[in-house]
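Peer 1: Quick one: the structure is below, and I'll ask about it shortly.
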Amino acid sequence: MQIAYLDPASGSLIASVLVGGTAAVGVAVKTARARLTGAFRKSSAEDEVATDPSAADQDTTVESDV
289 MQIAYLDPAS GSLIASVLVG GTAAVGVAVK TARARLTGAF RKSSAEDEVA
339 TDPSAADQDT TVESDV
């Protein structure tokens, strides 16, 4: 029977890969769900104004000019 040797650096690398992979899968699922639900959601004028980044930029320029 042979037993493989794992030094602390190897164990740390394996743990980091597992944690990072789990986080990546979570982000991918969250992004996919947001895209799917966004495709079926009705868009209204209020939503477009609230999420329009150029509208936020215009507000800050007006405030800085005053």
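The sequence shown begins at 289 in this note's numbering and counts up one residue at a time.
Where a beta carbon is used, it is the ideal one built from N, C-alpha and C, also for glycine.
Note that the coordinates shown come from a computational prediction; the quantities given were computed from them, not determined experimentally.
1. Check K375 in the structure and name its three-state DSSP category.
2. Whole angstroms is fine: what's the gap from K330's alpha carbon to A312's?
3. How long is the line joining the alpha carbons of D295 and G309, rounded to whole angstroms?
4. If I measure Cβ to Cβ from V305 and keep anything under 8 Å in the same chain, skipping five residues before and after, which residues do I get?
Peer 2: A quick look at the data gives this:
1. A query on residue 375 cannot be resolved here, the shown segment of the chain reaching from 289 to 354 and no further.
2. Roughly 29 Å separates the two Cα atoms.
3. Taking C-alpha positions only, D295 is separated from G309 by approximately 21 Å.
4. Taken in chain order, the list of residues that qualify is empty.
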